[in-house]
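Single-structure report; data block below.
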Amino acid sequence: MRRSFRTVARVTTALVAGAVVTLVAAYAALLVAGYKPVAVYSGSMRPTLGVGSLAVDKVVDARHVRVGDVITFDDPYVTGRLVTHRVAQIVPTKHGLAYRTKGDANTTRDPWAIRLDDKVGRVAFDVPLAGYVLWYAHTREIRALLLAVFAAFVLVAALRRIWRNEPARPAEA
Numbered sequence: 009m010r011r012s013f014r015t016v017a018r019v020t021t022a023l024v025a026g027a028v029v030t031l032v033a034a035y036a037a038l039l040v041a042g043y044k045p046v047a048v049y050s051g052s053m054r055p056t057l058g059v060g061s062l063a064v065d066k067v068v069d070a071r072h073v074r075v076g077d078v079i080t081f082d083d084p085y086v087t088g089r090l091v092t093h094r095v096a097q098i099v100p101t102k103h104g105l106a107y108r109t110k111g112d113a114n115t116t117r118d119p120w121a122i123r124l125d126d127k128v129g130r131v132a133f134d135v136p137l138a139g140y141v142l143w144y145a146h147t148r149e150i151r152a153l154l155l156a157v158f159a160a161f162v163l164v165a166a167l168r169r170i171w172r173n174e175p176a177r178p179a180e181a
C-alpha cells in the first residue's frame, strides 16, 4: 500500500511539474515571439472576447491598424488600465491619425478618439477563461500562496534529507 501511494505521488508530482514547465515555456515563447497576453475584464467585446478571456496581442506598427482590427491601448481616462476594442473609424487630424473605437457589445462608439504610439497590440487570438489565471496570478494572495507552497516543498526536501536512514556501513578492520 505504501509503495503504491509513493508511486502515485511521484507520478502526480511529475505530471504537475511537467504541466507547469510547459505552461511557463509556452508563455515565454509567446513573449519572445512578440506577443503580449492581456486579460479581458469586461463584457464590452462579447461575443468576440468573453469576460475572463486571454487576448493575445501581436505588437504591430500603428500605421498597419485598419478599421475592423481589435486593438489594445491605454485607457485615456484611467491611468494604467488597458482597453481592448475594435477600430470603428480612422480619422486624419493635423497631429496624425486618430482612431475611434467601439466595443462589439456596446451600442455606441467610445467617447474618445485616440492617437496611438508607434506600436500597438492587435489581437491575434484569444484563449477563453485563461485571463482569470493571469488576473489571479497578479494578486497578492496568490503570490503569497505560491511562495508558501514553494517554501513547503523546500522544507520537506530538507527534512527528508536530514532524517533519511543512512545505510549501515561495514565495520572497518
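The sequence shown begins at 9 in the working numbering and counts up by one.
Beta carbons: idealized from backbone N, C-alpha and C, even for Gly.
Which whole-angstrom value is the C-beta distance of residue i and residue j, which I expect to be below 8 Å?
i, j, result
"Arg-89", "Asp-83", "4 Å"
"Arg-130", "Val-68", "5 Å"
"Leu-23", "Phe-81", "Incorrect: roughly 40 Å between the Cβ atoms, too far for contact."
"Tyr-43", "Asp-65", "7 Å"
"Ala-70", "Lys-127", "7 Å"
Provide the residue span of the beta strand (DSSP E) that contains residue i, from first to last.
i, result
"Val-64", "62-69"
"Gly-104", "104-110"
Between the Cα of residue i and the Cα atoms of the options, which residue gives the shortest distance?
i, options, result
"Thr-92", "Gly-76, Leu-38, Val-19, Val-40", "Gly-76"
"Arg-108", "Ala-17, Lys-102, Ala-33, Ile-79", "Ile-79"
"Pro-55", "Ala-152, Leu-155, Asp-112", "Asp-112"
"Gln-97", "Gly-104, Thr-115, Leu-154, Ala-121", "Ala-121"
"Met-53", "Val-95, Val-99, Val-86, Ala-41", "Val-95"
Whole angstroms are fine: how far does the CA of residue j sit from the CA of residue i?
i, j, result
"Val-162", "Asn-173", "19 Å"
"Thr-15", "Ala-25", "15 Å"
Within the continuous alpha helix (DSSP H) that includes residue i, where are the two ends?
i, result
"Ala-47", "Ala-47 -> not in any alpha helix (DSSP H); beta strand (DSSP E) instead, spanning 43-47."
"Arg-169", "148-171"
"Val-141", "138-145"
When you compare the CB of residue i with every CB in chain C, is at least one pair closer than 8 Å?
i, result
"Arg-14", "Going by chain labels, chain C is absent from the structure shown, which holds only one protein chain."
Three CB pairs or more closer than 8 Å across the segment 54-68 and the segment 129-143: Between the segment 54-68 and the segment 129-143, the count of C-beta pairs closer than 8 Å reaches three or more; the two stretches touch.
Meets three-Cβ-pair contact criterion under 8 Å: the segment 44-54 and the segment 141-156: When Cβ pairs closer than 8 Å are counted between the two stretches, the segment 44-54 is seen to touch the segment 141-156, the count reaching three or more.
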